[in-house]
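Peer 1:
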Amino acid sequence: DQQVKQNSPSLSVQEGRISILNCDYTNSMFDYFLWYKKYPAEGPTFLISISSIKDKNEDGRFTVFLNKSAKHLSLHIVPSQPGDSAVYFCAASRTGNQFYFGTGTSLTVIP
Amino acid sequence: GAGVSQSPSNKVTEKGKDVELRCDPISGHTALYWYRQSLGQGLEFLIYFQGNSAPDKSGLPSDRFSAERTGGSVSTLTIQRTQQEDSAVYLCASSPGRGNTIYFGEGSWLTVV
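From first to last, the protein sequence lines stand for chains V and C. Residue numbering for the first sequence follows our numbering, beginning at 2 and increasing consecutively. Residue numbering for the second sequence follows our numbering, beginning at 1039 and increasing consecutively.
(1) Based on DSSP bridge pairs, tell me the residues matched to Lys-57 (chain V).
(2) Say whether the region 1042-1050 of chain C touches the region 49-56 of chain V, bearing in mind that this needs 3 or more beta-carbon pairs closer than 8 Å, one atom from each stretch.
(3) Sort V:Ser-70, V:Ser-11, V:Lys-39, V:Ser-50 by Cα distance to Met-30 (chain V) and report the nearest one.
(4) Tell me which residue opens and which closes the beta strand (DSSP E) that Lys-1049 (chain C) is part of.
(5) Against chain C, does Gly-61 (chain V) count as a neighbour if the rule is that its beta carbon must be under 8 Å from one of theirs?
(6) At what residues does the beta strand (DSSP E) containing Thr-106 (chain V) begin and finish?
(7) List the residues of chain V whose Cβ lies closer than 7 Å to the Cβ of Ile-1140 (chain C), in chain order.
(8) List, in chain order, every chain C residue whose beta-carbon is nearer than 8 Å to that of Ser-86 (chain V).
(9) Report the three-state DSSP secondary structure of Glu-43 (chain V) (helix, strand or coil).
(10) Along chain V, in chain order, which residues have C-beta atoms closer than 9 Å to that of Phe-1083 (chain C)?
(11) Answer yes or no: do Gln-7 (chain V) and Asn-23 (chain V) have a C-beta to C-beta separation smaller than 8 Å?
(12) Cα-Cα, which of C:Gln-1118, C:Ser-1065, C:Phe-1142, C:Leu-1129 is closest to Gly-1110 (chain C)?
(13) Could you tell me the alpha carbon to alpha carbon distance between Val-65 (chain V) and Tyr-1073 (chain C), rounded to whole angstroms?
(14) For chain V, check one thing: does any of its Cβ atoms lie closer than 8 Å to the Cβ of Glu-1058 (chain C)?
(15) For the putative contact between His-73 (chain V) and Ile-19 (chain V), defined by C-beta atoms under 8 Å, what is the C-beta separation to the nearest angstrom?
(16) Count the other C-beta atoms from every protein chain shown that fall within 10 angstroms of the C-beta of Arg-1107 (chain C), then say buried if there are 16 or more, exposed otherwise.
(17) State the Cα-Cα distance for the pair Ser-9 (chain V) and Lys-38 (chain V), rounded to the nearest angstrom.
(18) Starting from Val-1151 (chain C), trace the beta strand (DSSP E) both ways and give me its first and last residue.
(19) Rounded to the nearest angstrom, what separates Gly-105 (chain V) and Ser-1133 (chain C) at their Cα positions?
(20) Let me confirm a value: Ile-111 (chain V) is counted as buried when at least 16 other C-beta atoms fall within 10 Å, else exposed. Which label applies?
(21) If you count every other CB in all the chains shown that lies within 10 Å of the CB of Val-1127 (chain C), and 16 or more means buried, which is it?
(22) To the nearest angstrom, how far is it from the Cα of Asp-1094 (chain C) to the Cα of Thr-1116 (chain C)?
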């Protein structure tokens, strides 16, 4: 049973435009959410997090939005750069427990 | 080192052999996780250690898989009688504690032939 879902396996965006990656979860007890970026043959690297007490967190070009009522979070990258091309994973946990990961969205930023 | 360290980085083994994968977490991190990613798949949770608490083993796919964490630091994931479907990258991660960001190592790439 997939508790965290990323329904778009891939996304292509023009350089300079906004990339929006989406993630849905089923467990209303989740209270901490993370986004990771993964290049081939490397481990995932942490991008940005958000706790359930917030609905937005921003770090440079990256912004994560959380809609608790819809059990939905999204990652916005603006402006998108070719170096952003990677697989993006969202993850969710209930504090003190394991993290559940989505299946990833492969982002391609076209120069 | 500054990050999570995993060894070996690559391992090719024959079907039926046992393998051990090692993880050195970031110093001072009390939580340690093992995940795996098979080709074309997402990150699959395997096991979670938090301090001195009993580990959450709910993700281990079969009794051929086991893990231990000695002295609250280094962890070893053991796969007995490896099968071809065990081929994957095994990722270790650690975090400072509950409710914190987890940081991944580079992974151990296991190929069972």
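The beta-carbon is built from N, C-alpha and C at its ideal position, and this holds for glycine as well. Everything numeric in this text was worked out from a predicted model, so none of it was measured.
Peer 2: If we stick to the structure as given:
(1) Looking at the DSSP assignment, Lys-57 (chain V) forms a beta bridge with V:Phe-66.
(2) No contact exists between the region 1042-1050 of chain C and the region 49-56 of chain V.
(3) V:Ser-70
(4) Residues 1048-1051.
(5) no
(6) 106-111
(7) Phe-100
(8) Correct list: empty, because the minimum Cβ distance to chain C is about 18 Å.
(9) coil
(10) Gln-99, Phe-100, Tyr-101, Phe-102
(11) yes
(12) Ranking C:Gln-1118, C:Ser-1065, C:Phe-1142, C:Leu-1129 by Cα distance to Gly-1110 (chain C) puts C:Ser-1065 first.
(13) 24 Å
(14) Not an interface residue.
(15) With 8 Å as the limit, His-73 (chain V) and Ile-19 (chain V) do not qualify as a contact, their Cβ atoms being about 17 Å apart.
(16) buried
(17) Between Ser-9 (chain V) and Lys-38 (chain V), the C-alpha separation is close to 15 Å.
(18) Premise fails: Val-1151 (chain C) is in no beta strand (DSSP E) and is neither H nor E.
(19) 21 Å
(20) exposed
(21) buried
(22) The straight-line gap separating the alpha-carbon atoms of Asp-1094 (chain C) and Thr-1116 (chain C) is approximately 16 Å.
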